[in-house]
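Everything on this sheet refers to the single structure shown next.
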Amino acid sequence: MPQGRKSVNTQPSGGRSRAPSDKVKAMATEAQEKKALKAAAEERAHARKDKQAKTKAKAAECERRQNQENIHPLDTRQWSEDNFCQPAPQDTTFSVRDVSTGIKAAPVNLSARTSKVPPARVNTTTKSVARDGNASKTPACVLTAEKASELVRRRTQTPSVVSQARQPTALRVESIFNDAEEDDDHMQSPEPYKDPLDRLEFPESPSPDDEDYKPDRDDYEDDYEDDYEQDKDENKVSDDGVDGHDASSVPPPNGRKRVRSGSMGADDDGEYKKARKIVKSKGRPKASDYADDVQDVLDSAITHYKVDLLRFDPYPDRTHELAWAKTSWGTANRVCDLKIAHNGELVKMITCRGSHLRGEIKTKVKPLVASMYGFEVPTNETIRTRNRKLVEELKEEYAFLYKTRAVGDQPKSGLYEHKIIQTAIDICFFKNRLDIGVQFNMFSRPFPCVALMLIITARCSSTSPR
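Residue numbers for the sequence shown follow full-length UniProt numbering, so the first one is 1 and each next one is one higher.
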């Protein structure tokens with residue numbers, strides 16, 4: 001080694017390498033992150049440039065196609081009548097060959113097709129006679145002179161529900177179940193029937209003990225359950241198959257033919273069989289205690305009994321109640337084509353449906369009264385007072401029957417035209433295909449005034465102070 005130079009020892013004493021400090025590590029990590037961010041920015045810049053280049057190329061391609069297909073902008077020159085019929089100028093540079101389409105059109109077959117189109121359906125019931133005497137059919141949707149005259153005739157001859165309620169009921173009321181083929185000698189002359197408006201009274205609000213309007217009562221509960229006792233010989237069937245009660249001993253409803261004694265309204269050549277039970281009754285009798293054929297007759301008899309209540313009197317006395325129930329049973333036998341004799345239990349199950357019908361009507365009408373007359377839920381004493389005041393206003397001079405109530409000097413108007421009447425009738429009798437109004441179409445031609453008054457009575461009793 002030359003003199004004057006000292007050797008530099010690069011390794012630390014002891015022969016061990018020194019580890020990098022934390023500061024050096026942080027600086028190295030920061031440098032790597034900056035490098036990664038710079039690379040990402042450059043990549044995004046390249047992608048942006050590529051996208052711009054593609055957009056420019058696409059725009060140039062569209063412009064080239066427009067020029068190639070000779071698509072010119074809309075002509076904005078002012079229109080004149082002189083050049084309206086002039087032919088368009090021919091473009092000498094345009095050719096069909098210049099337009100290239102990638103779709104090959106299928107050859108068009110111009111030959112006649114052998115298939116035939118079926119003729120349109122024509123309503124055969126609508127016919128019109130041409131002037132030459134030949135009959136031609138017209139569609140049902142076309143209003144002809146015959147249709148117009150028929151509609152006008154029906155409109156003038158069929159009064160509405162409102163006009164029927166205002167007019168007095170006819171003196172001769174006939175049942176819808178009359179058999180035209182039977183002998184008229186057994187027809188009982190009906191009694192005069194007064195106007196329901198004069199006959200029925202609007203009761204005050206029902207008390208909590210009123211059993212006629214409890215909706216959750218048992219279906220077979222009777223208003224006369226306490227004072228009605230079954231006779232000993234009530235279930236006895238006579239030799240001709242009819243029970244001990246004589247249907248002709250009590251008067252039939254107005255306009256109803258008197259049932260022949262011992263025949264239940266059926267032929268004399270057949271015998272009635274006793275109603276067969278399949279389950280012994282425990283407590284109150286039920287329809288499910290009897291056989292299926294008895295249940296069918298019972299259901300039909302209940303429906304006919306309800307119709308009699310709605311047509312003649314919804315609150316009959318005990319005599320008419322039993323007479324109508326037995327007459328309805330005979331009608332049900334003819335409808336079901338069966339011959340089954342009734343007994344005390346079956347008659348009781350029919351008559352108890354009177355109170356059930358009245359309670360059902362009130363249950364359906366009650367929500368309509370609350371919503372259409374503006375009653376509120378009584379959450380405090382102020383609302384209760386307001387509801388009571390509204391009840392008094394509605395009951396004053398039957399204001400709830402009018403479409404428009406009296407306001408100031410303007411009197412009330414529209415008797416029996418309040419919208420709740422039609423809504424209640426639809427809900428109670430025409431809601432589904434099993435309702436009375438749908439099953440008996442003659443029930444609404446015209447709508448019975450007695451049923452209308454029952455709806456109004458239910459409305460009046462529903463407007464009770466809360």
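All C-beta atoms, glycine included, are put in the ideal place defined by N, C-alpha and C.
Exposed or buried, which one is residue i when buried takes at least 16 other CB atoms within 10 Å?
| i | result |
| --- | --- |
| G330 | buried |
| P411 | exposed |
| K362 | buried |
| C460 | buried |
| D313 | buried |
| H342 | buried |
| G359 | buried |
| M453 | buried |
| C352 | buried |
| T457 | buried |
| E434 | A small correction: the amino acid at residue 434 is Leu; Glu does not occupy that position in the sequence shown. Exposed. |
| L310 | buried |
| N387 | buried |
| A451 | buried |
| S149 | exposed |
| T327 | buried |
| S355 | buried |
| C62 | exposed |
| M349 | buried |
| H320 | buried |
| T158 | At T158 the pLDDT is 47, less than 50, meaning the model places this residue with poor confidence and gives no usable figure here. |
Quick one: what does DSSP say residue i is sitting in, helix, strand or coil?
| i | result |
| --- | --- |
| G414 | strand |
| V129 | For V129, the pLDDT reaches just 41, beneath the cut-off of 50, and the residue's location in the model is therefore unreliable, although a value from the coordinates is still provided. Note: V129 maps to strand in three-state DSSP. |
| I456 | helix |
| Y290 | strand |
| I340 | strand |
| P448 | coil |
| A19 | coil |
| Y305 | helix |
| Y398 | helix |
| V279 | coil |
| K431 | coil |
| T29 | helix |
| V407 | strand |
Assuming residue i and residue j form a contact by the criterion Cβ under 8 Å, report the distance between their Cβ atoms to the nearest whole angstrom.
| i | j | result |
| --- | --- | --- |
| E376 | I383 | 5 Å |
| M372 | K339 | 48 Å between Cβ atoms; not a contact. |
| Y402 | S413 | 6 Å |
| L357 | K306 | 5 Å |
| S288 | V297 | That pair is no contact at about 14 Å. |
| Y290 | K282 | Not a contact, Cβ separation roughly 14 Å. |
| L390 | G374 | 7 Å |
Less than 8 Å separating the beta-carbons of residue i and residue j?
| i | j | result |
| --- | --- | --- |
| D299 | W324 | no |
| I455 | A406 | no |
| T303 | Q439 | yes |
| A332 | A301 | yes |
| L322 | V294 | no |
| P285 | E345 | yes |
| F447 | I436 | no |
Is residue i near the ligand NAD, going by C-beta to nearest heavy atom under 7 Å?
| i | result |
| --- | --- |
| S328 | Of ligands this structure carries none, so the ligand NAD is not represented either. |
Between residue i and chain D, is the shortest Cβ-Cβ distance under 8 Å, so that the two count as touching?
| i | result |
| --- | --- |
| D22 | In the structure shown, chain D cannot be found, because there is only a single protein chain. |
Do three or more CB pairs link the region 306–326 to the region 364–382 at distances below 8 Å? Under the 8 Å Cβ criterion, the region 306–326 does not count as touching the region 364–382, having fewer than three qualifying pairs.
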